[in-house]
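Read top to bottom, the protein sequences are chains D and V. Its first residue numbered 1, the first sequence is counted upward by one per residue in the UniProt record's numbering. Its first residue numbered 1, the second sequence is counted upward by one per residue in the UniProt record's numbering.
2 protein chains.
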Amino acid sequence: MFSASTLPPGPLEKVFQYIDLHQDEFVQMLKEWVAVESDFFLLQLSDGQTLPIPPILLAELGSDPKKPTVCFYGHLDVQPARQEDGWLTDPYTLTEVDGKLYGRGTTDNKGPVLAWINAVSAFKALDEDLPVNIKFLIEGMEESGSLALEELVRKEKSGFFSSVDCIVISDNLWISRRKPALIYGTRGNSYFTVEVKCRDQDFHSGTFGGILNEPMADLVALLGSLVDASGRILVPGIYGHVAPVTEEEKRVYEAIDLDVEEYRNSSQVKKFLFDTKEELLMHLWRYPSLSIHGIEGAFHEPGAKTVIPGRVIGKFSIRLVPHMDMSVVETQVKQHLEYIFSKRNSSNQMTVSMALGLHPWIANISDHQYLAAKRAIKTVFGTEPDMIRDGSTIPIAKILQDTTQKSVIMLPLGTVDDGEHSQNEKINRWNYIEGSKLFAAFFLEMAKLHSSCVPGLLDQ
Amino acid sequence: MFSASTLPPGPLEKVFQYIDLHQDEFVQMLKEWVAVESDFFLLQLSDGQTLPIPPILLAELGSDPKKPTVCFYGHLDVQPARQEDGWLTDPYTLTEVDGKLYGRGTTDNKGPVLAWINAVSAFKALDEDLPVNIKFLIEGMEESGSLALEELVRKEKSGFFSSVDCIVISDNLWISRRKPALIYGTRGNSYFTVEVKCRDQDFHSGTFGGILNEPMADLVALLGSLVDASGRILVPGIYGHVAPVTEEEKRVYEAIDLDVEEYRNSSQVKKFLFDTKEELLMHLWRYPSLSIHGIEGAFHEPGAKTVIPGRVIGKFSIRLVPHMDMSVVETQVKQHLEYIFSKRNSSNQMTVSMALGLHPWIANISDHQYLAAKRAIKTVFGTEPDMIRDGSTIPIAKILQDTTQKSVIMLPLGTVDDGEHSQNEKINRWNYIEGSKLFAAFFLEMAKLHSSCVPGLLDQ
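Next comes the structure, spelled out in structure tokens:
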């Protein structure tokens, strides 16, 4: 794209060349970041003590009033990972195999945070003028519900955020392995725990098996009442507030470039619940889903322990979509489980709690930054992006939009097969490096759009 | 019971005095044994390597042909225990509180093994003639199905075991806190795993929630199909071979001294599935039961991880009673789960395995050693024992009886509230010390019965 030309290279060409030439340094830096086991998942210790919340970083570079100010949100905490969970390499030692950079946090979210820094540092190293003022908002509690962040954002609304023109989040994935995407919506999440308790101590199944209402039998019946084999949530009334599908919306889904067969293959799944692209994407993005995550307190190790757990806690969550109301969902789930439990006539004690509640988010895709991002994608990747939503929850999007009243854009770098939250998480070297270029191009496009809107220029 | 008398004390009185005087040494020895973390639960390492099976100890003391030979079976391995599972003290540091000796293995089975040794060593220390020849069979794999033991017993049938008159097992509990018991039967156990697999890697519930047959949903439905809220096993045909209750049997149950309310209180259970003593005991001893132990591969830690486990393994077991056939049970369970799974039309893969199968055991209570044990109990505790069965599985009883054709007796020392296999396992100091006396008295009663049966004596 940037072959020899008679004209001297422009600033962006020089930045791109710089990024290509220094890519091994950028990978090395990512390796150093991955080596930090930033698993801040559990601040609550078993003895009731709480650890301090990791500091939230606010930073800025430049304050030229003629330039737009873009704020990048990222997080440096990661999901817990242990090699014995099924990692082929040590999760905290970045390992490159066939152009794939394996390691916990490579794609979620250390790689994208560094790509933004790489873009900025390329301009600085070349002594090129940065086209935008830069702000950073970096936290360490995203995987645990971004504790304390909302309070800070509210406090800084008229401080740090007052000069911001748009906020960029790069904490999700393309829907394909090749084609870039822009994201304009995410699902919310209601995370529930349901505890069934007979007593605190476990029982021996020889000594007590046959005469107890066993908590696991109760819990399995409760969890089994939540969702049917077709993926439909069985909690009465749960679909009552889900926005109906419009004709316009259908056309957006039809336009998305998704090879269902390739998607299925790359996901290593034998068969999905739905066969068409539109059904699949709608069930990922605009319909709620319910997943059962596991059970705390039961026997979970390899081997054959003959225990009757005395107290077990089931964990499940419902991904929320517009216009579901979190408190209505909470009531519906509690009433449903109480009804199922009451039918069993068990002598155990059941407690249902909504441990976490996060709203869904929808952006206005006519905002400036969506146009700038589309143009930057065209420059770097030579294609239009898929306009997509994300089935997962990025609570900060909703928090930032509602609290600062600034526009938010999600500009992902990683590909569909990156395995965020899973074993063998990776980011492709190519995506990491081209992603650094994408952010550089985005700076320039934002500056162009900004100058075209500056009142003085428009008046001419 | 052994107050001052004009007669010089007999050998048993001296042994009892010795045991009382040296009880702190005996407790100290138990403390040293508990400190050995003999958790040999997992010989199969995650990389496929297997550890060697701990050695099986055969030992003997005395070979006087005029004396009976009693063989004591015990085990030194323990169930896994970690303080964070809910122990109030370190499980491997014996801690005495109010006459209770807390620690993993105190009652199951290190305490009883040591009580036997204490009895023998009291005779030796006093230079009193041991009334019996002693044999020991001590293993380290009881909690894992007594691997390799059956082979050894078979090999030693005409060697080590040929001179044995009876085999004593003390690996279970009284049914009350005060009244001793003799045990003449145990349940067997069929331990099943049911694996549901979509893929080896986990999924993120945001990225995949809504379009998958989630393995946890399948597994919860499978486990939920096994047993109803009243404890009845739902596997078709499972009750077909269970021995019907006879009138004579009913009377045995009626004679047992059990205060249901106290039993319920000591078990810290709000309500049992049955209200009468007979129903409770029959469901513990002579009817099968099904317990769900847990799930491997799902999220099991505290906190709120939003994972869709890719591959999960449910664990459950069925306690078997006469005359259930293990291979029939295996077929019934597999067919049932295959039927339930097929109805779900899931694209996942299900695999059911019977990981462990152990037969039930019933003794002939007219054998000599039951009479000797009853007399010894009368001497030490001043009461008749409860004649009971045990709901748990002591596979070695069946193996020893079938392979050596020798009579087996179960002579427990611990009380119903000892919490074997659970958090805060304990043995009472009183039971440990009186139990040491009980074994000494048992030696003497065995010798008396033996001499009354020696052909030369009977001919006189």
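In this text, a Cβ means the ideal position worked out from N, Cα and C, and glycines have one as well.
Query: Given this structure, state the Cα-to-Cα distance separating residue 190 of chain V from residue 354 of chain V, to the nearest angstrom.; Result: 7 Å
Query: Identify the residues that DSSP records as bridge partners of residue 361 of chain V: which are they?; Result: V:186
Query: Is the shortest distance between the beta-carbon of residue 333 of chain V and the beta-carbons of chain D less than 8 Å?; Result: no
Query: Output needed for residue 12 of chain D: all residues of its chain with C-beta closer than 7 Å, excluding positions within five of it in sequence on either side, in chain order.; Result: 440, 441, 444
Query: When the Cα atoms are used, what is the spatial distance from residue 10 of chain V to residue 70 of chain V?; Result: 22 Å
Query: Kindly list, in the order they appear in chain V, the residues whose Cβ is closer than 9 Å to that of residue 229 of chain D.; Result: 213, 217, 218, 221, 343, 344, 345, 346
Query: Using the beta-carbon count (16 or more within 10 Å), is residue 457 of chain V buried or exposed?; Result: The predicted model places residue 457 of chain V with a pLDDT of 40, which falls under 50 and marks its position as unreliable, so this point remains unresolved.
Query: Determine, for residue 305 of chain V, whether the minimum Cβ-Cβ distance to residues of chain D falls below 8 Å.; Result: yes
Query: How about residue 423 of chain D: is its C-beta nearer than 8 Å to some C-beta of chain V?; Result: yes
Query: Would you mind listing the beta strand (DSSP E) stretches within the UniProt domain "Peptidase M20 dimerisation" (185 to 340) of chain D that are 3+ residues and don't spill past its ends, in chain order?; Result: 188 to 197, 289 to 296, 311 to 320
Query: Would you kindly work out how many angstroms separate the C-alpha atoms of residue 289 of chain V and residue 392 of chain D, rounded to a whole number?; Result: 42 Å
Query: Would you mind working out which of D:267, D:228, D:237 sits nearest residue 417 of chain D, comparing C-alpha positions?; Result: D:267
Query: Measure the CB-CB distance between residue 308 of chain D and residue 296 of chain D and report whether it falls below 8 Å.; Result: no
Query: From the DSSP output, which residues share a beta bridge with residue 181 of chain D?; Result: D:386
Query: Counting only Cβ-Cβ distances shorter than 8 Å, please list the residues of the stretch 378 to 396 of chain V near chain D, keeping chain order.; Result: 390, 391, 392, 393
Query: Could you confirm whether any beta carbon from chain D is found closer than 8 Å to the beta carbon of residue 439 of chain V?; Result: no
Query: Could one say the Cβ of residue 189 of chain D lies closer than 8 Å to chain V's Cβ atoms, at least one of them?; Result: yes
Query: Chain D beta carbons: is any one of them nearer than 8 Å to that of residue 458 of chain V?; Result: Legend: pLDDT at residue 458 of chain V = 38, less than 50; position of this residue unreliable, no value from coordinates given.
Query: Quick one: complete alpha helix (DSSP H) runs, 4+ long, within the stretch 141 to 174 of chain D?; Result: 149 to 155
Query: Measure the beta-carbon distance from residue 408 of chain V to residue 169 of chain V and round it to whole angstroms, keeping in mind my assumption that it falls under 8 Å.; Result: 6 Å
Query: With a cut-off of 8 Å, does the C-beta of residue 40 of chain D fall near any C-beta of chain V?; Result: no
Query: Which first and last residues belong to the alpha helix (DSSP H) in which residue 345 of chain V is found?; Result: Careful: residue 345 of chain V lies outside any alpha helix (DSSP H) and carries neither H nor E.
Query: Excluding five sequence neighbours on each side, which residues of the same chain lie with their C-beta closer than 8 Å to the C-beta of residue 378 of chain D?; Result: 384
Query: Using a threshold of 7 Å, is the CB atom of residue 431 of chain D nearer than that to any non-hydrogen atom of the ligand FMN?; Result: This structure lacks the ligand FMN, and indeed carries no ligand of any kind.
Query: If you draw a straight line from the C-alpha of residue 218 of chain V to the C-alpha of residue 452 of chain D, how long is it?; Result: 57 Å
Query: Can you pull out the residues from the stretch 274 to 306 of chain V whose beta carbon lies closer than 7 Å to at least one beta carbon of chain D?; Result: 274, 280, 283, 284, 287, 289, 291, 292, 293, 294, 295, 296, 298, 299, 300, 301, 302, 303, 304, 305, 306
Query: The stretch 157 to 171 of chain D: which residues have C-beta closer than 7 Å to a C-beta of chain V, in chain order?; Result: none
Query: Looking only at C-alpha atoms, which of V:195, V:319, V:447, V:119 sits nearest to residue 371 of chain V?; Result: V:447
Query: Since I believe residue 235 of chain V is in contact with residue 350 of chain V (beta carbons under 8 Å), could you give me their beta-carbon distance rounded to a whole number of angstroms?; Result: The pair is not a contact, with the Cβ atoms about 16 Å apart (cut-off 8 Å).
Query: Exposed or buried, which one is residue 431 of chain V when buried takes at least 16 other CB atoms within 10 Å?; Result: buried
Query: For residue 59 of chain D, report the span of its beta strand (DSSP E) as first-last.; Result: 57 to 61
Query: What three-state label does DSSP hand residue 38 of chain D in the structure shown?; Result: coil
Query: Listing by chain order, which chain V residues have their CB less than 8 Å from the CB of residue 308 of chain D?; Result: 291, 293
Query: Report the rounded CA-to-CA distance for residue 224 of chain V versus residue 311 of chain D, giving the unit in angstroms.; Result: 17 Å
Query: By DSSP, does residue 67 of chain V sit in helix, in strand, or in coil?; Result: coil
Query: Indicate whether at least one CB of chain V lies closer than 8 Å to the CB of residue 4 of chain D.; Result: Reliability of the predicted coordinates at residue 4 of chain D is poor, the pLDDT of 45 falling under 50, and no value is obtained from them.
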